[in-house]
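Top to bottom, those sequences are chains A and B. Sequential numbering from 0 applies to the first sequence in numbering that gives the first Met the number 0. Sequential numbering from 0 applies to the second sequence in numbering that gives the first Met the number 0. Where a beta carbon is used, it is the ideal one built from N, C-alpha and C, also for glycine.
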Amino acid sequence: MLGAFSDTMNIHEYQGKALFKAHGVKVLDGVHCTSVADALQAYDTLQSKVVAVKSQIHAGGRGKGNLYCPNTGDLLMEGGVKIAFSREDVETYATNILGHVLVTKQTGEEGKLVNHLYVESGCDIAHEYYLALLVDREEKSVLIMASTEGGMDIEEVAEETPELLHKVNVDPNAGLMGYQVRDLGLALGLSGAAHKSFAKMLRSLYALFVQEDCAMVEINPLVRTGDDEMVALDAKVSFDENAEFRHKNWDDLRDLSEEEDVEIRAKETGLSYVKLDGNIGCLVNGAGLAMATMDVIKLYGGEPANFLDVGGGANEEQVKTAFSIILEDPNVKGILVNIFGGIMRCDIIARGVIAATEALDLNVPLVVRLAGTNVDEGKAILAASTLNIHPADDLADGAQKIVQLIGGEA
Amino acid sequence: MGIWIEENAKVLVQGITGKQGMFHADKMVEYGTNIVGGCTPGKGGQTVELQGKDFPVWNSMFEAIEATDADATVIYVPPPFAGEAIMEAADAFDQIKGEGVVVCITEGIPTLDMVKAVAFVENRPGVRLIGPNCPGIITPGENGGAKIGIMPGHIHDKGRSGIVSKSGTLTYEAVAQTMSIDEGQSTCIGIGGDPVNGTGFIECLAAFESDEQTEAIVMIGEIGGNAEQEAAAWAAENVTKPIVGFVAGATAPPGKRMGHAGAIISGGKGTAEEKFAAFEAAGIACARDPSELGSVLLESLKKAGLR
């Protein structure tokens, strides 16, 4: 995936295709299935000699991925997207996919459990193309990218043959212009009916992108059929989370099983949490400072267990939730709290830290660095407590102390 | 002097009757910012009490600027309406004065709303947008000064370091670091970490370079995008004053989002290492630990014969 850089919400291919269909972007007939029986019925309904049986997960590289049994770890099947030539094929593939773990180069080693399947009619492919729409942060506009090299790893295309990746930035005041559509069609070597079909599809896609507040729409491959029709064979759609307030239907499209449970809970409390592999838990205010805190821990020989931003106006309750989320991670051997109080007062944070450590029966070393508004009161409150809290003067001091306390290098 | 905002700049507050707007307007008045009133559609004619003094509220930015001849506005409007609030302010400043500074604090504005708003502002060259999703801009003065945003005023002091940063609390950290070596600030700007925003690093560097009060610059970046690399290359050619830099996110795992919308590495572009390398190639003195920004700045000042 190119350029997914926003807080975005991903949806499945089958949901993306339903959206395409609703907006007049041509897709093949297909059925969303959650059981082998569903898949067989879909095969009977579609009346297509050849069907594609496609694993539905929020990650790319499905075709080249492998399916494993979650219990034994045995390899069940190579390829998460299969072409079935018979009812028996459909049964075999659906059985190997559903309830099993698909590992692709985008999922990480642990892979993703597949609960959804899409069974789709086959079609006669004359050529495969690549097409994507996304927000270009440098140009501050929607960027359309297209290539004749469909079905390939587009980052490789961009790297090795950049002249084959055609780009058009849409002026937000003018919208997508006719000449831009024509130029892209010509760049892809399209003419006649295929060019007309492409133009209609691209206009519909741009309208969809804007109306649905997308962060990215990627079609790889987009195919030209033997009848010169342009059809979206794939649909990777993600939405801009900030626009959720004007899209009530997103709740139904969200697949919570694709998101980390603890990250969802953090989000619900207004915290931003990402689990990492280290053993030093961090609790920080501000995303930039939270990242810098992780960097400094590493600089002094430690490994951060998480990223956690309590935001600009955290209260005692949020601090407590933050601690409990950090402590759920069994790898955590110590915690570093780093707060630069602006609007947030250090005395309030200090009280929150004490309340949380008492309530949660904290038994790992805790280093607290406070700076900013009411810092002296905050430090006094921590010093007066009987809890085992190690104060730090600045970020470097805090990082060195926590690394030492858990027996690291610094 | 400082950049863009003079110590006594006249400032309006959009969303002044809301909880956030009123709270921060009060803090700004307390700091010494010359707040001249605010704007909340439907609440024109009312007044808001800040620090024991009444301030007028207008229905529109056109009315507010006509009445006050304001130089700047700060936006605390909720995300669904913030994009339009930016455009209203830009339109009014452009039509009435031909210039103005729009500071947008709001976090969580839809990206496509910002695409539209930024294009709108760019069509009005006299208007400058700072943010969104940022702490704002502050020009500390002898007594108080102009604090336009949510930063804690009391950590600042008037001086000669210009600070520009993508992230809020890291800006405060940089301010504290300058103070630790007895240096104050000319102007501090948080440009915000959203994918699509107004004023960028290069414009800030250019303004600091031509500002007489500013003698050194602190630049704080974040992973994601290539604004830092472009700014570094530009600085190598155009900035004569010493620059000190830091980039947050060296340990962020690829593909994981880290709170800030912009802060994500995708396909190996925009890593901290890449940015540090660009800084170093441009002669920017880097701190690998923000707690060392002060000592690195001191060294740079000494090298330049300024200490």
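In chain A, what lies closer than 9 Å to residue i by C-beta?
i, result
"isoleucine 149 (chain B)", "Gly311, Gly341, Ile342"
"leucine 282 (chain B)", "Residue identity check: residue 282 (chain B) is glycine in the sequence provided, not leucine. Those do not exist, as glycine 282 (chain B) stays about 22 Å from chain A at its closest Cβ, beyond 9 Å."
"glycine 192 (chain B)", "Ala286, Gly287"
"glutamate 298 (chain B)", "The contacting residues do not exist; glutamate 298 (chain B) stays about 16 Å from chain A at best."
In chain order, what residues of the same chain lie with their CB nearer than 8 Å to the CB of residue i, ignoring the 5 residues before and after it?
i, result
"asparagine 278 (chain A)", "Gly301, Glu302, Ala304, Asn330, Val331, Lys332, Gly333, Ile405"
"asparagine 33 (chain B)", "Asn7, Ala8, Lys9, Val10, Ala145"
Taking C-beta pairs closer than 9 Å, name the residues in chain B that residue i reaches, listed in chain order.
i, result
"glutamate 137 (chain A)", "Gly224, Asn225, Ala226, Glu229"
"valine 141 (chain A)", "Leu111, Val114"
"valine 209 (chain A)", "Leu111"
"alanine 370 (chain A)", "Ile154, Tyr171, Glu172, Ala175"
"aspartate 328 (chain A)", "Correct list: empty, because the minimum Cβ distance to chain B is about 15 Å."
Please report whether the beta-carbon of residue i lies at a distance below 9 Å from any beta-carbon of chain B.
i, result
"glycine 150 (chain A)", "no"
"leucine 252 (chain A)", "no"
"phenylalanine 306 (chain A)", "yes"
"alanine 398 (chain A)", "yes"
"aspartate 227 (chain A)", "no"
"valine 167 (chain A)", "no"
"proline 171 (chain A)", "yes"
"aspartate 212 (chain A)", "yes"
"valine 102 (chain A)", "no"
"proline 417 (chain A)", "The first residue shown for chain A is 0 and the last is 409, placing residue 417 (chain A) beyond what the model contains."
"leucine 386 (chain A)", "no"
"valine 283 (chain A)", "yes"
What residues from chain A crowd round residue i, counting only those whose CB sits closer than 8 Å?
i, result
"alanine 247 (chain B)", "Gly287, Leu288, Met290, Ala291, Asp294"
"threonine 16 (chain B)", "In chain order: nothing, as chain A lies at least about 19 Å away."
"glycine 107 (chain B)", "Asn241"
To the nearest whole angstrom, what separates the beta carbons of residue i and residue j, a pair I think is in contact under 8 Å?
i, j, result
"isoleucine 330 (chain B)", "valine 73 (chain B)", "The question about residue 330 (chain B) has no answer here: the residues shown for chain B are numbered 0 through 306."
"isoleucine 154 (chain B)", "glycine 371 (chain A)", "6 Å"
"threonine 170 (chain B)", "isoleucine 162 (chain B)", "6 Å"
"valine 374 (chain A)", "cysteine 345 (chain A)", "5 Å"
"isoleucine 143 (chain A)", "leucine 183 (chain A)", "7 Å"
"glycine 135 (chain B)", "methionine 150 (chain B)", "6 Å"
"alanine 198 (chain A)", "lysine 111 (chain A)", "So it is not a contact: roughly 36 Å between Cβ atoms."
"phenylalanine 61 (chain B)", "alanine 81 (chain B)", "The pair is not a contact, with the Cβ atoms about 18 Å apart (cut-off 8 Å)."
"valine 50 (chain A)", "alanine 83 (chain A)", "5 Å"
"alanine 173 (chain B)", "isoleucine 216 (chain B)", "Not quite, the Cβ-Cβ distance comes to about 11 Å (not below 8 Å), so this is no contact."
Can a CB atom of chain A be found closer than 9 Å to the CB of residue i?
i, result
"proline 40 (chain B)", "no"
"serine 185 (chain B)", "no"
"valine 195 (chain B)", "yes"
"valine 117 (chain B)", "yes"
"alanine 271 (chain B)", "yes"
"glutamate 291 (chain B)", "yes"
"isoleucine 129 (chain B)", "no"
"threonine 138 (chain B)", "no"
"isoleucine 34 (chain B)", "no"
"alanine 260 (chain B)", "Confidence at alanine 260 (chain B) is low in this model, with a pLDDT of 35, below 50, so its placement is unreliable and no value can be given for it."
"valine 295 (chain B)", "no"
"lysine 26 (chain B)", "yes"
"threonine 198 (chain B)", "no"
"proline 134 (chain B)", "yes"
"asparagine 122 (chain B)", "yes"
Tell me which residues share the same chain as residue i and place their Cβ nearer than 7 Å to its Cβ, disregarding the 5 neighbours each side in the sequence.
i, result
"leucine 288 (chain A)", "Asn337, Phe339"
"aspartate 93 (chain B)", "Arg123, Gly125, Val126"
"glycine 36 (chain B)", "Leu11, Phe54, Pro55, Val56, Trp57, Ala63, Thr67"
"methionine 293 (chain A)", "Cys281, Pro303, Phe306"
"methionine 8 (chain A)", "Ser237, Phe238, Glu240, Trp249, Arg253"
"histidine 23 (chain B)", "Tyr75, Ile149"
"leucine 359 (chain A)", "Phe322, Ser323, Leu326"
Suppose the cutoff is 6 Å on Cβ atoms and the five residues either side in sequence are ignored; what does the same chain contact list for residue i look like?
i, result
"glutamine 176 (chain B)", "Leu292, Gly293"
"valine 53 (chain A)", "Here residue 53 (chain A) turns out to be lysine, not valine, going by the sequence shown. Closer than 6 Å at the Cβ level, and outside the excluded window around lysine 53 (chain A), lie Val80, Tyr117."
"isoleucine 180 (chain B)", "Gly293, Leu297"
List the residues of chain B that residue i touches, going by C-beta distances under 8 Å, in chain order.
i, result
"lysine 297 (chain A)", "Ala249, Thr250"
"phenylalanine 244 (chain A)", "Pro78, Pro79"
"aspartate 393 (chain A)", "Ser290"
Which chain A residues sit within Cβ distance under 7 Å of residue i?
i, result
"lysine 165 (chain B)", "Gly287"
Under 7 Å Cβ-Cβ, which residues of chain B neighbour residue i?
i, result
"valine 134 (chain A)", "Thr110, Val114, Pro194, Val195"
"leucine 275 (chain A)", "Pro252"
Hey, would you say the C-beta of residue i is under 8 Å away from at least one heavy atom of the ligand FMN?
i, result
"glycine 333 (chain A)", "This structure lacks the ligand FMN; in fact it carries no ligand of any kind."
Within the chosen definition, does the stretch 329-337 of chain A reach the stretch 396-403 of chain A through at least 3 CB pairs nearer than 8 Å?
-> yes
Taking 8 Å as the threshold, find out whether the stretch 37-55 of chain A comes into contact with the stretch 81-97 of chain A through three or more Cβ pairs.
-> Touching, per the Cβ criterion.
Segment contact flag, the stretch 223-239 of chain A with the stretch 19-29 of chain A, C-beta cutoff 8 Å, min 3 pairs = yes
At a cut of 8 Å, does the stretch 201-219 of chain A reach the stretch 6-23 of chain A through at least three beta carbon pairs?
-> Yes: at least three Cβ pairs fall under 8 Å.
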